[in-house]
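Positions in the sequence shown are counted from 1; adding 837 to them yields our numbering.
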Amino acid sequence: MAKADYIMKDLAGYLFNGKYMPDYSHNGSLYHGYKNSVEETLFYDFAVQGYDLAFSYRGKRYFFMSDPEYVALSDEHFTQELQRFDDGNAALEQFKIEGKSIIELIDSLEDVESF
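Written out as structure tokens, the structure is:
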């Protein structure tokens with residue numbers, strides 16, 4: 838995935854999501870500063886590290902693949918690009934399920950994994 842302008846480095850040189858920032862003082866370091874593994878997977882693994890993403894919502898499975906230049910909603914075999922986004926944060930903000938973004942549904946997502 839191309840380096841998005843929200844991907845920043847801290848003083849120690851570690852990458853972080855500058856738009857959806859971790860909060861180590863409140864959340865500790867267990868999930869890279871996020872409150873749970875779902876936030877860590879979405880905001881760090883997917884949006885910053887560029888891993889592919891899969892999750893379920895109300896029994897339907899969704900797949901996103903990270904390409905060096907963009908992110909795409911994909912089929913389960915990662916053989917078709919159904920919708921493109923500029924980067925991981927854009928996918929989290931712009932992809933809609935029942936009129937809501939992934940970020941708005943974050944507490945209702947299930948089986949969230951990056952790979």
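Just so it is clear, CB atoms sit at the ideal spot from N, CA and C, and this is done for glycine as well.
1) In terms of residues, what are the limits of the beta strand (DSSP E) holding residue 947?
2) Rounded to the nearest angstrom, how far is the Cβ of residue 929 from that of residue 879, given a contact under 8 Å?
3) Does residue 952 pass the burial test, meaning 16 or more other C-beta atoms within 10 Å, or should it be called exposed?
4) Do three or more CB pairs link the stretch 889 to 897 to the stretch 849 to 856 at distances below 8 Å?
5) What is the C-beta distance between residue 870 and residue 861, in whole angstroms, given that I count them as a contact (C-beta under 8 Å)?
6) Among residues of its own chain, excluding the 5 on either side of residue 945, which ones have a beta-carbon nearer than 7 Å to its beta-carbon?
7) Excluding the 5 residues flanking residue 926 on each side, which residues of the same chain have their C-beta closer than 6 Å to its C-beta?
8) Is the Cβ-Cβ distance between residue 940 and residue 932 less than 7 Å?
9) In the DSSP assignment, what residue or residues form a beta bridge with residue 918?
10) If I measure Cβ to Cβ from residue 948 and keep anything under 8 Å in the same chain, skipping five residues before and after, which residues do I get?
Quick answer:
1) 947 to 951
2) 6 Å
3) exposed
4) no
5) 4 Å
6) 894
7) 843, 856 and 884
8) no
9) 911
10) 891, 892, 893 and 898
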